[in-house]
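Numbering (the numbering used here), first residue to last: 2 to 171. Backbone N, C-alpha and C define an ideal beta-carbon position, used for all residues, glycine too. Keep in mind it's a predicted model, so treat the numbers as computed, not measured. Report on the structure given below.
In structure tokens form, the structure reads like this:
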């Protein structure tokens, strides 16, 4: 799943349009990505769902032009902004684990290893899903302070991941 057509086309070029893979457009943002991914997953049978596209790397974690393989998806802005700072829905008591999707560590290691073997610049770590991309150093610092392991941010991963998780797919 990609957010937009340009990302889909780039992925298809990289795959040399291999017919073994369906590369679909999920749309921009977590909610529309979840809806469109869920819709795709009920019309065809899949064994794996990947959210691919551009993202913003955190300084010192994911350099410009590098590939990031998520080992966890964290929805970083679902909660409340309080006078003491941001509090996630988990911290507010609306459930435990509502803001994180763990991923299959064996699969993450396999993909990361294959990309490294291909001599591509790759790192692995938590990828944040945000509704508004970070455009200031202050916001970047705030997210990095709250979620120190964060490697990159994007807008669709949590939605795509929730749809896949709901269908029992990695």
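Report yes if the CB atom of residue 169 is closer than 8 Å to the CB atom of residue 151, and no otherwise.
No, the Cβ-Cβ distance between residue 169 and residue 151 is not below 8 Å.
When you compare each of 134, 27, 74 to residue 6 by their alpha carbons, which one comes out closest?
Ranking the options by Cα distance to residue 6, first place goes to 27.
Just curious, the alpha helix (DSSP H) that residue 114 is in, first and last residue?
That run of the alpha helix (DSSP H) goes 106–118.
For residue 31, count the other beta carbons within 10 Å of its own beta carbon; 16 or more makes it buried, fewer makes it exposed. Which is it?
With 16 or more Cβ atoms within 10 Å of its Cβ, residue 31 is classed as buried.
Assign residue 37 to buried or exposed, taking buried as 16 or more other Cβ atoms, counted over all protein chains shown, within 10 Å of its Cβ.
With 16 or more other Cβ atoms within 10 Å, it is buried.
If you check the beta carbons only, do residue 158 and residue 77 fall under 8 Å apart?
Contact: no.
Could you check the C-alpha separation between residue 161 and residue 130 for me, to the nearest Å?
Approximately 10 Å between the Cα atoms of the pair.
Do residue 74 and residue 128 have their beta-carbon atoms positioned less than 8 Å apart in this structure?
Contact flag set, yes.
For residue 86 versus residue 154, is the C-beta distance shorter than 8 Å?
Going by C-beta atoms, residue 86 is not nearer than 8 Å to residue 154.
In this structure, how does DSSP classify residue 126 when only helix, strand and coil are distinguished?
Three-state DSSP puts residue 126 in a strand.
Go ahead and pull the three-state DSSP assignment for residue 13.
Looking at residue 13 - three-state DSSP - the assignment turns out to be helix.
Just verifying my parser: in three-state terms, what is the DSSP assignment at residue 42?
Helix, per DSSP.
If you draw a straight line from the C-alpha of residue 137 to the C-alpha of residue 123, how long is it?
Going by the C-alpha atoms only, they are around 24 Å apart.
Considering only the beta carbon of each residue, do residue 63 and residue 8 sit closer than 8 Å?
Cβ distance not < 8 Å, so residue 63 and residue 8 don't count as in contact.
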